[in-house]
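Asks: The sequence shown maps to residues 238 to 742 in our numbering. Even glycine gets a Cβ: it sits at the ideal position worked out from N, Cα and C. One structure, as structure tokens, below. Some questions next.
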Amino acid sequence: MTQSQSTNELPTAVDFSHHINLRSRARHPSPLKDIIRFMAVEDMVSLAGGLPHPSFFPFHTVTVTASAPTPENIPCSLKFPLEGFLQYGSGSGNSQLRAWCREFTLRVHRPAYADWEVLLHPGNTNAWTKVVGLLCEPDDYILCESYTYPSAQAFWIPLGNKAAPVPSDGEGMRADALAQTLRDWDDTHPGARRPRVLYLVSVGSNPSGVTMSTNRRRDIYDVCVEYDVIIVEDDPYFFLQYPEYDASQVAMDGLELVGNDEFLRSLAPSMLQFDHQGRVIRLESFSKTLAPGLRLGYFVANPVFTERLLRATEVETQDPSGLSQALTLRLMQSWGIDGYLGWLQGLSVEYRCRRDWMIDAFSQHFRLENAAEESRALVAHLGDIPIFSFEPPIGGMFIWACFYLSQNSAFKQLRHDENVIDPEQAVADQLWRQFAEAKVLLTPGSYYHPWEGPDKVTTNARGATPSTTNFRFSFSMTTKEEMECGIARMVQVIRASWKLDKSVD
């Protein structure tokens, strides 16, 4: 939709009520929580958790006026009445905050149909569970990327749901592969219902770091229209989009802020811009832009879906924390949309700098070379030995590294051991423990394998690339010095595991 186009000229949402089903209640713990206890180990350098840096939280202290033993009022920079926020509220959330979210969505995303609605939720993790309860029957398959966010599937695994991973490339999920998966479904999965839900993290995908191109988004949407698939766009990193990594540029150089309209034009668009049917359920979050502890975000969806989501909200969670809504509303009223966009652009600049720090730290210890002439991927070598490859992300908080194990000494032994079912995973587990013992924490790639059933849990059974394994690096929390320290520790582990002497650089 163009800025000048009236909503009266847009179509209304298609009736997707045939997608709605009953909600299941099973839960499964998130594997990501297992790693948190290691973050408290003294002198641990964590490159694992995708936590926003606390210095970027806009709330440092909050002072409120309260009824107390004395009538003294304490001045505060954000002064607002709390009564309306501390009482039970509407399941849809505070009306003023919803109105602000709607105005912001219209300014930034410009949905291509007229009757879209906004509904507040307590964070995208909870929002996704409600969407699964809305759309997915037990035993359904859910379309997802080659690697997917583990907390997303931790909810639906006990329901009997399985992943239908779609091959990806440097631009994200491949539209041709999605079409083929759906076209051939009855032949490849006899007796199973064709998937009707696609789960995507389209900017800075967790874990791959890939940001889907504009043309790819449009192509994916068209395939979903053809096969009547609902798109769930989980997009917490949307405003953390960056230019390409430039090794010749010092990390903080060239990071001047631009006008808000220019900033918005630089961003890959939401699927909402192509959605003329109301087929997209967008999950918006303040977790990476304000603070994750707020547990606050909102749905953007067609009215058939928001009405059902509201019914679930009323009996499951009610509306999000009143204090979180009050803080966020007052901040947004104080900043205005343009002020918030300026804040978001500043975050993008800061996290881009951190991305560059991490890649620069790689280059201090590895020889980085392009994987191919026209490829964005870089291969990190020690001497002539390729250790891992990665694509410098243009969004999000993560670098997804593919480690090459063919010349790893432990892997050479285990691959010929008939008692070892999955030598790639065995070496990955060993490496992870060795990294942790050296006090550098990475996230194991195994956390992100889509669950396709108990018969597809090994590297070979999943059809994954043999003799490789993955680790996720996060550049969001650590300082430049900590990154350099952590990478140096990692190199020592690699030298020992690959049995490389110090002369190999």
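So, Met569 versus Trp337, is the Cβ gap smaller than 8 Å?
Replies: Residue 569 sits at position 332 when you count from the first residue of the sequence shown. Residue 337 sits at position 100 when you count from the first residue of the sequence shown. In contact: Met569 and Trp337 (Cβ atoms closer than 8 Å).
Asks: From Val368 to Leu546, what distance separates their C-alpha atoms?
Replies: Here residue 368 is taken as the residue at index 131 of the sequence shown, counted from 1. Here residue 546 is taken as the residue at index 309 of the sequence shown, counted from 1. So the two alpha carbons sit approximately 7 Å from each other.
Asks: Where does the unbroken alpha helix (DSSP H) through Asp459 begin, and where does it stop?
Replies: Position 222 of the sequence shown holds residue 459. Here the alpha helix (DSSP H) through Asp459 covers Thr451 to Glu463.
Asks: Could you check the C-alpha separation between Tyr684 and Glu674 for me, to the nearest Å?
Replies: Within the sequence shown, residue 684 is the residue found at index 447, counting from 1. Within the sequence shown, residue 674 is the residue found at index 437, counting from 1. Cα to Cα, the separation comes out at about 20 Å.
Asks: Which residue comes first and which comes last in the alpha helix (DSSP H) that contains Cys373?
Replies: Residue mapping note: residue 373 aligns to position 136 of the sequence shown, counting from 1. Looking at the DSSP string, Cys373 is not in any alpha helix (DSSP H), and its letter there is neither H nor E.
Asks: Taking the CB atoms as reference points, tell me whether Phe536 and Ala389 lie closer together than 8 Å.
Replies: Working through the sequence shown from its first residue, we reach residue 536 at position 299. Working through the sequence shown from its first residue, we reach residue 389 at position 152. Result no, Cβ atoms of Phe536 and Ala389 do not sit closer than 8 Å.
Asks: Of the choices Leu581, Leu415, Asp424 and Asp376, whose alpha-carbon is the least far from that of Val460?
Replies: One-based indexing of the sequence shown puts residue 460 at position 223. Checking every option, the nearest Cα to that of Val460 belongs to Leu415.
Asks: Please report how far the alpha carbon of Ser445 lies from the alpha carbon of Phe710, in whole angstroms.
Replies: The count along the sequence shown starts at 1 and reaches residue 445 at position 208. The count along the sequence shown starts at 1 and reaches residue 710 at position 473. Whole-angstrom Cα-Cα distance: 10 Å.
Asks: Excluding sequence positions up to five away, which residues of its chain have a Cβ less than 7 Å from the Cβ of Leu584?
Replies: By one-based count along the sequence shown, residue 584 stands at place 347. Answer for Leu584: Phe293, Phe476, Leu477 and Thr526, listed in chain order.
Asks: Going along the chain, which unbroken runs of the beta strand (DSSP E) with 3 or more residues stay wholly within the stretch 633-707?
Replies: Runs of the beta strand (DSSP E) inside the stretch 633-707: 635-641.
Asks: Please give the ranges of any alpha helix (DSSP H) in the stretch 333-416, keeping only runs that are unbroken, at least 4 residues long and fully inside the region.
Replies: Taking only runs of at least 4 residues, the alpha helix (DSSP H) segments lying wholly in the stretch 333-416 are 361-372 and 387-393.
Asks: Rounded to the nearest angstrom, how far is the Cβ of Val403 from that of Thr418, given a contact under 8 Å?
Replies: Translated into the one-based positions of the sequence shown, residue 403 becomes position 166. Translated into the one-based positions of the sequence shown, residue 418 becomes position 181. Confirmed, Cβ separation roughly 6 Å.
Asks: Rounded to whole angstroms, what's the CA-CA distance from Arg658 to Trp669? Just pull it up for me.
Replies: Looking up residue 658 in the sequence shown gives position 421. Looking up residue 669 in the sequence shown gives position 432. It is Ile, not Arg, that sits at residue 658 in the sequence shown. Distance between the alpha carbons of Ile658 and Trp669 is about 19 Å.
Asks: For Glu521, name the three-state secondary structure that DSSP assigns.
Replies: Reading the sequence shown from its first residue, position 284 is the one you call residue 521. Reduced to three states, the DSSP call for Glu521 is strand.
Asks: Rounded to whole angstroms, what is the Cα-Cα separation between Tyr325 and Phe523?
Replies: Taking the sequence shown and counting its residues from 1, the one referred to as residue 325 is at position 88. Taking the sequence shown and counting its residues from 1, the one referred to as residue 523 is at position 286. Approximately 22 Å between the Cα atoms of the pair.
Asks: Does the Cβ of Ala665 have 16 or more other Cβ atoms within 10 Å, making it buried, or fewer, making it exposed?
Replies: Numbered from 1 along the sequence shown, position 428 holds the residue referred to as residue 665. Under this definition Ala665 is a buried residue.
Asks: Could you check which residue in Thr342, Ile467, Val462 and Arg430 has the C-alpha nearest to that of Glu437?
Replies: For this step, residue 437 is matched to residue 200 along the sequence shown. The sequence shown places Leu at residue 437, rather than the Glu named in the question. Minimum Cα distance to Leu437 is reached at Ile467.
Asks: Using only CA atoms, which one of Ser646, Gly620 and Ser442 lies nearest to Glu408?
Replies: Counting from one through the sequence shown, the residue named residue 408 turns up at place 171. The candidate whose alpha carbon is nearest that of Glu408 is Ser442.
Asks: Mark Pro248 as exposed unless 16 or more other C-beta atoms lie within 10 angstroms of its C-beta, in which case mark it buried.
Replies: Position 11 of the sequence shown holds residue 248. Pro248 should be labelled exposed.
Asks: For Val616, which three-state DSSP category applies?
Replies: Looking up residue 616 in the sequence shown gives position 379. The answer is strand: DSSP assigns Val616 an E or B state.
Asks: Are Leu531 and Ser561 closer than 8 Å when you measure CB to CB?
Replies: Taking the first residue of the sequence shown as 1, we reach residue 531 at position 294. Taking the first residue of the sequence shown as 1, we reach residue 561 at position 324. It is a contact, given that the beta carbons lie within the stated cut-off.
Asks: With a CB to CB cut of under 6 Å and the five nearest residues on each side skipped, what residues in its chain are close to Arg592?
Replies: Translated into positions along the sequence shown, residue 592 becomes position 355. These residues qualify, in order along the chain: Phe712.
Asks: In chain order, what residues of the same chain have a beta carbon less than 7 Å from the beta carbon of Ile379, not counting five sequence neighbours either side?
Replies: For the purposes of this step, residue 379 is identified with residue 142 of the sequence shown, where counting begins at 1. Excluding sequence neighbours, Ile379 sits near Cys373, Trp393, Asn398, Ala400, Ala401, Pro432, Val434 and Tyr436.
Asks: Looking at C-beta atoms only, is the number of pairs between the stretch 586-600 and the stretch 713-721 that lie closer than 8 Å three or more?
Replies: Contact holds: three or more Cβ-Cβ distances are below 8 Å.
Asks: When you compare the CB positions of Met634 and Tyr577, do they come within less than 8 Å of one another, or not?
Replies: Looking up residue 634 in the sequence shown gives position 397. Looking up residue 577 in the sequence shown gives position 340. For Met634 and Tyr577, no; Cβs fall outside 8 Å.
Asks: Please classify Leu357 as buried or exposed, where buried requires at least 16 neighbouring CB atoms within 10 angstroms.
Replies: Along the sequence shown, one-based indexing puts residue 357 at 120. By the neighbour-count rule (16 or more Cβ atoms within 10 Å), Leu357 is buried.
Asks: Thinking Tyr458 and Phe511 are a contact (beta carbons under 8 Å), I'd like their distance in whole angstroms, please.
Replies: Taking the sequence shown and counting its residues from 1, the one referred to as residue 458 is at position 221. Taking the sequence shown and counting its residues from 1, the one referred to as residue 511 is at position 274. Rounded, the Cβ-Cβ distance is 5 Å, consistent with contact.
Asks: Excluding the 5 residues flanking Gln514 on each side, which residues of the same chain have their C-beta closer than 6 Å to its C-beta?
Replies: In the sequence shown, counting from the first residue as 1, residue 514 sits at position 277. Only Val251 meet the Cβ criterion.
Asks: Using the three-state DSSP reduction, which class does Arg430 fall into: helix, strand or coil?
Replies: As a position in the sequence shown, residue 430 is number 193, starting the count at 1. Three-state DSSP puts Arg430 in coil, outside helix and strand.
Asks: What number of angstroms, rounded off, separates the C-alpha of Arg264 from the C-alpha of Pro540?
Replies: Within the sequence shown, the letter at position 27 stands for residue 264. Within the sequence shown, the letter at position 303 stands for residue 540. Note on Arg264: pLDDT 28, under 50, position unreliable in the model; the coordinate value appears next. Their Cα atoms are separated by approximately 27 Å.
Asks: Report the three-state DSSP secondary structure of Asn443 (helix, strand or coil).
Replies: The residue given as residue 443 occupies position 206 in the sequence shown. Three-state result, Asn443: coil.
Asks: Would DSSP call Gly573 helix, strand or coil?
Replies: Within the sequence shown, numbered from 1, the residue matching residue 573 stands at position 336. Of the three classes helix, strand and coil, the one that applies to Gly573 here is helix, per DSSP.
Asks: So Pro703 and Thr696 are supposed to be a Cβ contact under 8 Å. How far apart are they, rounded?
Replies: Numbered from 1 along the sequence shown, position 466 holds the residue referred to as residue 703. Numbered from 1 along the sequence shown, position 459 holds the residue referred to as residue 696. About 7 Å separates the two Cβ atoms, so the contact holds.
Asks: Using the C-alpha atoms, what's the distance from Tyr482 back to Arg344?
Replies: Against the sequence shown, residue 344 aligns to sequence position 107. Against the sequence shown, residue 482 aligns to sequence position 245. Computed Cα separation, rounded: 29 Å.
Asks: Give me the Cα-Cα distance between Val730 and Val282, rounded to the nearest whole angstrom.
Replies: Counted from its first residue, the sequence shown places residue 730 at position 493. Counted from its first residue, the sequence shown places residue 282 at position 45. Going from the Cα of Val730 to the Cα of Val282 covers about 14 Å.
Asks: Can you tell which of Glu382, Arg516, Ala429 and Thr680 has its C-alpha closest to the C-alpha of Pro348?
Replies: The sequence position of residue 348 within the sequence shown is 111, counting from 1. The option with the nearest alpha carbon to Pro348 is Arg516.
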